[in-house]
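A.B. asks: These protein sequences, in sequence, are chains L and Y. Quick note: the first sequence uses my numbering, first residue 4, plus one each step. Quick note: the second sequence uses my numbering, first residue 4, plus one each step. Glycine is no exception: its CB is placed at the ideal position from the N, C-alpha and C atoms.
2 protein chains.
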Amino acid sequence: MIESKIKEKVYVIGRGNVASHLCKALEGKADVTMVNPHTLEELGDDAGFILISVKDDAIREVAEKLSGTSSVVAHTSGSTPIDVFNGLGIDRHGVFYPLQTFSSDVKLDYNEIPFFIEAESSETSEMLKALARQISGNVYDADSEKRKKLHLASVFACNFVNHLWTISDRILSENGLDFDMLRPLIKETTAKLGRTTPFEGQTGPAVRNDLKILDLQREQLESDPEILNIYNILSDSIINTHNRQK
Amino acid sequence: MIESKIKEKVYVIGRGNVASHLCKALEGKADVTMVNPHTLEELGDDAGFILISVKDDAIREVAEKLSGTSSVVAHTSGSTPIDVFNGLGIDRHGVFYPLQTFSSDVKLDYNEIPFFIEAESSETSEMLKALARQISGNVYDADSEKRKKLHLASVFACNFVNHLWTISDRILSENGLDFDMLRPLIKETTAKLGRTTPFEGQTGPAVRNDLKILDLQREQLESDPEILNIYNILSDSIINTHNRQK
């Protein structure tokens, strides 16, 4: 549900991909301005919302400079607890976490992105949710513990998955083959997720317990101990995971 | 390029997902019959092609029963070398390898599937390629070594990726969260592959060398040594891979 335009001014502090995508997502739906974290003294006192979208390590430092503000202040980090605001005299504060991988110069369907909201009070929570609903149809409550788990799960589902594709690309290019040859396979692997759980959709030599193929593939990786190690650990984990369920 | 219908009879030996998808893919384009590997004696002597689509371990045994045939005999395995046919008196033989993950009861766009062909002679190779082009626009030569590398790369790109999604699903469900919340992230992770190499598209705490988040996420996995081990090895591999390129 998209609500009517937010009346309050929104400042987004940051210069990275998350900050610039949040500004784009809010354009036309709120009066939004991107602010360089190094020029915070220029921040007006007219803000309804101040979103801190900087590196996790820098959130506390930015928040300190906002001490005493009457604006709703929220950070956008998956792994930083709400207590980063403790003792700073920011009455209304919270978290405004969009679960997505943000690249520069990429168009995203913002309406699909799930937003996870936490706040010091239910009143602030409702305000942050109203702001999130300007962007997305998927707005949820999540406390700091749940948000950490979401971030952790997204590292496995996105960052580690992408690294496995990097390894595939390397195996192919070292052998005069093209990563494009794998695209239909990757497309179908992802499409299958929409039809079944990943557990039920598991295929390949490990889940078949095809020891002959496992040995043959290990042999091919003997010259690359790092990749061999990843092969062994993931194959063992597939075998263990599926044995536990038998 | 789809060529005109193949005149020769095609038998597909096997009862699994690959065999049944190959039959579906060839329907209307060749006179194709699926054959149970246990009833090979019923096989007519009218075949142009016999495709052996059984488990890797069983290919030799099936091929032995075809000794002396004048048909073109090919197996469909990624990791079995062409020399599995050695000494069997099958004059025309080869490999007909479709690189895809085949699930039962799933519609696939067969025209996209890359086929990798190898044969004992260029004449047989051309015949197998003509058959493959009935199905797909992407038909390539690949010797047994290259095919093994393709299969290995596909284990990383498909089977291992799917297992990481299984782990994500487990982290979420153990914490009262829903895998559906990750779907937009997974969709964008895959979409990004079409715009950049996976190496260039890498995001997350490991590639940022964000040691604070890495430590925090390791803490969350302390009770699960298997998953913690996967976390450490993949994070280290991301860091190593990207350091090597600096």
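Would you mind working out which of L:L185, L:I62 and L:K152 sits nearest L167 of chain L, comparing C-alpha positions?
C.D. replies: In the first sequence, the residue the question calls residue 167 of chain L occupies position 164. The shortest Cα separation from L167 of chain L among L:L185, L:I62 and L:K152 belongs to L:L185.
A.B. asks: Note down, one range per segment and in chain order, each alpha helix (DSSP H) of at least 4 residues found wholly within the segment 57-142 of chain L.
C.D. replies: 62-68 and 125-138
A.B. asks: Determine whether the beta carbon atoms of A61 of chain L and V87 of chain L lie at a separation below 8 Å.
C.D. replies: Mapped onto the first sequence, residue 61 of chain L falls at position 58. Mapped onto the first sequence, residue 87 of chain L falls at position 84. It is not a contact, given that the beta carbons lie outside the stated cut-off.
A.B. asks: Candidates L:V76, L:P201 and L:A156: which alpha carbon is nearest S124 of chain L's?
C.D. replies: As a position in the first sequence, residue 124 of chain L is number 121, starting the count at 1. Relative to S124 of chain L, the option among L:V76, L:P201 and L:A156 whose CA is nearest is L:V76.
A.B. asks: Mapping DSSP to helix, strand and coil, what is I9 of chain Y?
C.D. replies: Residue mapping note: residue 9 of chain Y aligns to position 6 of the second sequence, counting from 1. In this structure, I9 of chain Y counts as coil in the three-state DSSP scheme.
A.B. asks: Any idea what DSSP makes of L224 of chain L, helix, strand or coil?
C.D. replies: As a working note, residue 224 of chain L is residue 221 in the first sequence. Residue state, collapsed to three classes: coil.
A.B. asks: Exposed or buried, which one is S82 of chain L when buried takes at least 16 other CB atoms within 10 Å?
C.D. replies: Reading the first sequence from its first residue, position 79 is the one you call residue 82 of chain L. Buried.
A.B. asks: From this set, L:S106, L:H78 and L:E44, which residue's C-alpha is nearest S23 of chain L's C-alpha?
C.D. replies: On the first sequence, position 20 is the one that residue 23 of chain L refers to. Residue nearest to S23 of chain L within the set L:S106, L:H78 and L:E44 is L:S106 (criterion: CA-CA distance).
A.B. asks: Quick one, which residues of the segment 166-179 of chain Y are near chain L if we go by CB-CB under 7 Å, in chain order?
C.D. replies: H166, L167, W168, T169, I170, S171, D172, I174, L175 and N178
A.B. asks: Using a Cβ-Cβ cut-off of less than 7 Å, list which residues of the segment 215-237 of chain L approach chain C; keep chain order.
C.D. replies: Absence of chain C from the displayed structure is noted, the protein chains being L and Y.
A.B. asks: For G19 of chain Y, decide whether its Cβ has a neighbour in chain L, counting only Cβ atoms nearer than 8 Å.
C.D. replies: For the purposes of this step, residue 19 of chain Y is taken as residue 16 along the second sequence, with counting starting at 1. Not an interface residue.
A.B. asks: Helix, strand or coil for T36 of chain Y per DSSP?
C.D. replies: Counting from 1 along the second sequence, the entry for residue 36 of chain Y is found at position 33. Reduced to three states, the DSSP call for T36 of chain Y is strand.
A.B. asks: Please report whether the beta-carbon of S82 of chain Y lies at a distance below 8 Å from any beta-carbon of chain L.
C.D. replies: The residue given as residue 82 of chain Y occupies position 79 in the second sequence. Yes, contact with chain L.
A.B. asks: How many Å lie between I5 of chain Y and A28 of chain Y at the Cα?
C.D. replies: Numbered from its first residue, the second sequence carries residue 5 of chain Y at position 2. Numbered from its first residue, the second sequence carries residue 28 of chain Y at position 25. Residue confidence is low: I5 of chain Y scores 47 on pLDDT, short of 50, so the model does not pin down where it sits. No coordinate-derived value is stated.
A.B. asks: So, are the CB atoms of T79 of chain Y and Y113 of chain Y less than 8 Å apart?
C.D. replies: Stepping through the second sequence from its first residue, residue 79 of chain Y is reached at position 76. Stepping through the second sequence from its first residue, residue 113 of chain Y is reached at position 110. Their beta carbons are not under 8 Å apart, which means T79 of chain Y does not touch Y113 of chain Y by this criterion.
A.B. asks: Any chance the segment 156-172 of chain Y sits against the segment 141-149 of chain L, with 3 or more Cβ pairs inside 8 Å?
C.D. replies: no
A.B. asks: I'd like the span of the beta strand (DSSP E) that includes A50 of chain L, first residue to last.
C.D. replies: Locating residue 50 of chain L in the first sequence gives position 47, where the first residue counts as 1. A50 to I55 is the span of the beta strand (DSSP E), which, as asked, contains A50 of chain L.
A.B. asks: Whose CA, out of L:S128, L:R136, L:P117 and L:E44, lies closest to the CA of L153 of chain L?
C.D. replies: Start at 1 with the first residue of the first sequence, and residue 153 of chain L comes out as number 150. The residue with the shortest Cα to Cα distance from L153 of chain L is L:P117.
A.B. asks: What did DSSP end up calling D218 of chain Y once you bin it into helix, strand or coil?
C.D. replies: Here the question's residue 218 of chain Y lines up with position 215 in the second sequence. Looking at D218 of chain Y - three-state DSSP - the assignment turns out to be helix.
A.B. asks: Does P201 of chain Y have its Cβ less than 8 Å from a Cβ in chain L?
C.D. replies: Within the second sequence, the letter at position 198 stands for residue 201 of chain Y. Interface residue, yes.
A.B. asks: Based on the DSSP secondary-structure assignment, which residues constitute the bridge partners of V15 of chain L?
C.D. replies: Here residue 15 of chain L corresponds to residue number 12 of the first sequence, with the count starting at 1. Bridge partners of V15 of chain L: L:M37 and L:L54.
A.B. asks: Given this structure, state the Cα-to-Cα distance separating R63 of chain Y from L196 of chain Y, to the nearest angstrom.
C.D. replies: One-based indexing of the second sequence puts residue 63 of chain Y at position 60. One-based indexing of the second sequence puts residue 196 of chain Y at position 193. When rounded, the distance between both Cα atoms is 38 Å.
A.B. asks: Would M4 of chain L count as contacting chain Y if we go by Cβ distances under 8 Å?
C.D. replies: Counting from 1 along the first sequence, the entry for residue 4 of chain L is found at position 1. Here M4 of chain L scores only 43 on pLDDT, less than 50, and its place in the model should not be relied on; the value that follows carries that caveat. Not one chain Y Cβ lies under 8 Å of M4 of chain L.
A.B. asks: Run through chain Y and tell me which residues come within less than 8 Å of E123 of chain L, C-beta to C-beta.
C.D. replies: One-based indexing of the first sequence puts residue 123 of chain L at position 120. Correct list: empty, because the minimum Cβ distance to chain Y is about 22 Å.
A.B. asks: How far does the alpha helix (DSSP H) with E148 of chain Y in it reach, from first residue to last?
C.D. replies: In the second sequence, counting from the first residue as 1, residue 148 of chain Y sits at position 145. For E148 of chain Y, the uninterrupted alpha helix (DSSP H) run begins and ends at S147 to S157, by DSSP.
A.B. asks: For a cutoff of 8 Å on Cβ pairs, would you count K195 of chain L as touching chain Y?
C.D. replies: Translated into positions along the first sequence, residue 195 of chain L becomes position 192. Closer than 8 Å: yes.
A.B. asks: Report the residue from Y:K8, Y:P201, Y:A33 and Y:T206 whose alpha carbon sits nearest the alpha carbon of I189 of chain L.
C.D. replies: The residue labelled residue 189 of chain L in the question sits at position 186 within the first sequence. Out of Y:K8, Y:P201, Y:A33 and Y:T206, Y:P201 has the C-alpha closest to the C-alpha of I189 of chain L.
A.B. asks: With C-beta atoms as the reference, is T104 of chain L less than 8 Å away from E191 of chain Y?
C.D. replies: Position 101 of the first sequence holds residue 104 of chain L. Position 188 of the second sequence holds residue 191 of chain Y. In contact: T104 of chain L and E191 of chain Y (Cβ atoms closer than 8 Å).
A.B. asks: Between Y:E203, Y:F182, Y:P84 and Y:D94, which has its C-alpha nearest F52 of chain Y's C-alpha?
C.D. replies: For this step, residue 52 of chain Y is matched to residue 49 along the second sequence. When only C-alpha atoms are compared, the closest one is Y:D94.
A.B. asks: Along the alpha helix (DSSP H) that carries C26 of chain Y, what are the first and last residues, could you check?
C.D. replies: Counted from its first residue, the second sequence places residue 26 of chain Y at position 23. From DSSP, the alpha helix (DSSP H) with C26 of chain Y extends over N20 to L29.
A.B. asks: Between L43 of chain L and chain Y, is the shortest Cβ-Cβ distance under 8 Å, so that the two count as touching?
C.D. replies: Translated into positions along the first sequence, residue 43 of chain L becomes position 40. It does not: the Cβ of L43 of chain L has no partner Cβ on chain Y nearer than 8 Å.
A.B. asks: Is the shortest distance between the beta-carbon of V75 of chain Y and the beta-carbons of chain L less than 8 Å?
C.D. replies: Indexing the second sequence from 1 puts residue 75 of chain Y at position 72. Output row for V75 of chain Y: interface = no.
A.B. asks: For D144 of chain L, which beta-bridge partners are listed by DSSP?
C.D. replies: If you number the first sequence from 1, residue 144 of chain L lands on position 141. Answer by DSSP bridge pairing, in chain order: L:I120.
A.B. asks: K12 of chain Y and A50 of chain Y - do their beta-carbons sit closer together than 8 Å?
C.D. replies: Taking the first residue of the second sequence as 1, we reach residue 50 of chain Y at position 47. Taking the first residue of the second sequence as 1, we reach residue 12 of chain Y at position 9. Contact: yes.
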